Every structure is written in structure tokens, then in C-alpha cells.
Amino acid sequence: METKISLDKEASFTEVWYEGNVEYEGKEHRFWLVDPQHKIGEEYECEVRWFFKNVPRQVRAMYVTIIELYKKEKYGRGTNQTGIS
Numbered sequence: 008m009e010t011k012i013s014l015d016k017e018a019s020f021t022e023v024w025y026e027g028n029v030e031y032e033g034k035e036h037r038f039w040l041v042d043p044q045h046k047i048g049e050e051y052e053c054e055v056r057w058f059f060k061n062v063p064r065q066v067r068a069m070y071v072t073i074i075e076l077y078k079k080e081k082y083g084r085g086t087n088q089t090g091i092s
């Protein structure tokens, strides 16, 4: 049985990482928002990754809101009133 493995010489997509934070009950919880960029323009879903494991459930639940705010900024439907900087 023969096996062949091939790998493109150029990346199919790259990831742009943004740092942000959520202030909740007087404490700051830092995150990265990861936005994959496909070389032919296909859109992949963004992702939020928290810096540390001990993030309250209420803050983790803001995952969708963080991504929605980012997309509003990215596509010009906001003027940084979202708190994204």
C-alpha cells in the first residue's frame, strides 16, 4: 500500500489576532479575537480565545456579542462606539 502526502507551498489562509478585554464586576478579562483571512476571499468564522482559564461563565457567554461588535466595526457599521479599540 502506497501513501502520498502533498502540501501547498503557499498558505491557504492566515489569521489576524486582535487583543481585547471585558470588564466584569470590577475585573478585567483579556481575550484574543481571531479573524481567519482566506486568500481567495472566502469567509471563515471568527473565534474568541481567553488569556486565562478562570473566566466567569457570564463573561464567556459574551462570545457572540464580542464577535458581533467586531464585525460591525470591520464592515463599517460602527464608529468605535462598541468599545473595540
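Here the sequence shown is numbered in this note's numbering, starting from 8 and rising by one per residue. Note that the Cβ used here is the ideal one computed from N, Cα and C, for glycine as well. Keep in mind the model is a prediction, meaning the values are calculated, not measured.
- Take the alpha-carbon of Ile74 and the one of Val66: they are about 13 Å apart.
- When DSSP states are grouped into helix, strand and coil, Lys34 belongs to the strand group.
- By the C-beta density criterion, Tyr77 is buried, having at least 16 other C-beta atoms within 10 angstroms.
- Leu76 sits in a helix when the DSSP states are folded into three classes.
- From the listed residues Phe38, Thr72, Val23, Trp24, the smallest Cα separation to Phe59 is found for Phe38.
- Within the same chain, Pro63, Gln65, Val66 come within 7 Å of Tyr31 by CB-CB distance, once the 5 residues on both sides are set aside.
- At a Cβ-Cβ threshold of 8 Å, Glu17 and Asp42 do not count as neighbours.
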